[in-house]
Every structure is written in C-alpha cells, then in structure tokens.
Amino acid sequence: MCECYRIGGPWIAEDPSCPVHGTLSEGREERIEAIIDRVVDGELTASEASDLIVEEWY
Numbered sequence: 182m183c184e185c186y187r188i189g190g191p192w193i194a195e196d197p198s199c200p201v202h203g204t205l206s207e208g209r210e211e212r213i214e215a216i217i218d219r220v221v222d223g224e225l226t227a228s229e230a231s232d233l234i235v236e237e238w239y
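Structure (structure tokens):
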C-alpha cells in the first residue's frame with residue numbers, strides 16, 4: 182500500500198499530491214494509454230513508445 186494512504190475513521194483517503202494516486206497521475210495514465218494505442222495502431226514502434234512513457238514518468 183502506498184504511503185499516501187491516511188486512515189481516518191472508517192475512510193481511507195489518498196493524498197492528491199501523491200505521484201501514484203494523485204490528480205496528476207490520472208492525466209498521466211490517460212496519456213500512457215494513448216501511447217499504447219498508437220503502438221497497437223502501428224503509428225509507433227515499441228521502442229518509441231517506451232521512450233515516450235519514460236518521459237511521462239520523469
């Protein structure tokens with residue numbers, strides 16, 4: 182479990198600034214899925230996609 186989880190009462194909440202679960206990660210996941218779709222469609226090679234995905238994380 183990520184350290185961003187905080188337990189308070191019966192609820193578990195995620196820290197919005199967490200790089201894995203926060204609000205910025207949602208957009209990152211969508212961009213990575215779009216890159217993967219481009220590989221499936223033949224627009225990118227796996228190597229090109231790998232480079233783009235690494236850029237998304239750093």
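Numbering-wise, the sequence shown is residues 182 to 239 according to this note's numbering.
Heads up, the beta-carbon is just placed ideally off N, CA and C, and yes, glycines get one too.
| query | Can you name, in chain order, every residue of its own chain whose Cβ lies under 8 Å from the Cβ of Arg-219, other than the five neighbours on each side? | reply | Contacts found: Leu-225, Ala-230.
| said: Which of the three DSSP states is assigned to Val-201 in this structure? | reply: Val-201: coil per DSSP, three-state reduction.
| message | Quick check on DSSP: helix, strand or coil for Asp-196? | response | coil
| query | Can the beta-carbon of Glu-237 be found less than 8 Å from the beta-carbon of Ile-217? | reply | no
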